């Protein structure tokens, strides 16, 4: 049995997806692929924990990761999946100033990987998804209409995730360039959060990455 701990923000939490987002879809995928009979019924062979919190950032995740990871190490293997960063890509449309610093984000990603690896060598980083800029400048939930998101900045943060994975030698699930080159808007519910198809894509890609450990 493996414990798959999925840490992240509202996208990991599954906001706006009636089927629970990519983590719940990942759980169903693993339940279908891996189960064991016990009497007349079957039971999941692996546990998937949804540890996404809407609005969370890399710093927020770093503060809670240890406390949430330690009590959930069930079975023979622990797998930590980290999908964070989109909230830190926001910027003020009027001033052009970012709300978070890219270099600090990159440093925090390295700290997150190091913290996870104190518990397991099975770590996966999930890159960011491109946004639909036409719907994100401004973001519809921005109270003053000043908060925006853009793919140049999202791409820079995604590159930081990629570098963190490469530097630490951990698994990376990165769809950014591929989706940006295609009709990525069709995978988004509101311009930033994935719709059902977008969440299914993430569930499939993460599932494929986990396969060698299951």
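Numbering (the working numbering), first residue to last: 503 to 716. Note that CB positions come from ideal geometry on N, CA and C, so glycine has one too. Predicted, not measured: the structure shown is a model, and the values here were computed from it.
1) Can you give me the Cβ contacts of residue 709 inside the same chain, cut-off strictly under 6 angstroms, excluding the 5 residues immediately before and after it?
2) Among 582, 629 and 576, whose alpha-carbon lies nearest the alpha-carbon of residue 589?
3) With distances taken between CB atoms, is the gap from residue 659 to residue 587 smaller than 8 angstroms?
4) Pull up the distance between the alpha-carbon of residue 616 and that of residue 572, whole angstroms please.
5) Take the Cβ of residue 599 as the centre, count every other Cβ of all protein chains shown within 10 Å, and call the residue buried at 16 or more, exposed below.
6) Secondary structure at residue 673, three-state DSSP: helix, strand or coil?
7) Where are the beta strand (DSSP E) runs, 3 residues long or more, that stay fully inside the stretch 549-624, in chain order?
8) Could you tell me if residue 655 is buried or exposed, where buried requires 16 or more neighbouring beta carbons within 10 angstroms of its beta carbon?
9) When the distance is taken between beta carbons, is residue 576 closer than 8 angstroms to residue 505?
10) What's the gap between the Cα of residue 580 and the Cα of residue 647?
11) Give me the Cβ distance between residue 689 and residue 671, rounded to the nearest whole Å; I'm assuming they're in contact under 8 angstroms.
12) Since residue 510 is in the beta strand (DSSP E), which residue starts that stretch and which ends it?
By the coordinates alone:
1) In its chain, beyond the 5 residues on either side, 528 and 531 have a beta carbon closer than 6 angstroms to the beta carbon of residue 709.
2) 629
3) In this structure, residue 659 places its C-beta atom within 8 angstroms of the C-beta atom of residue 587.
4) 14 angstroms
5) Per the 10 Å Cβ criterion, exposed.
6) strand
7) 549-554 and 579-585
8) buried
9) Yes, Cβ-Cβ distance for residue 505 and residue 576 is below 8 angstroms.
10) 42 angstroms
11) Not really, about 29 angstroms apart at Cβ, beyond 8 angstroms.
12) 504-510
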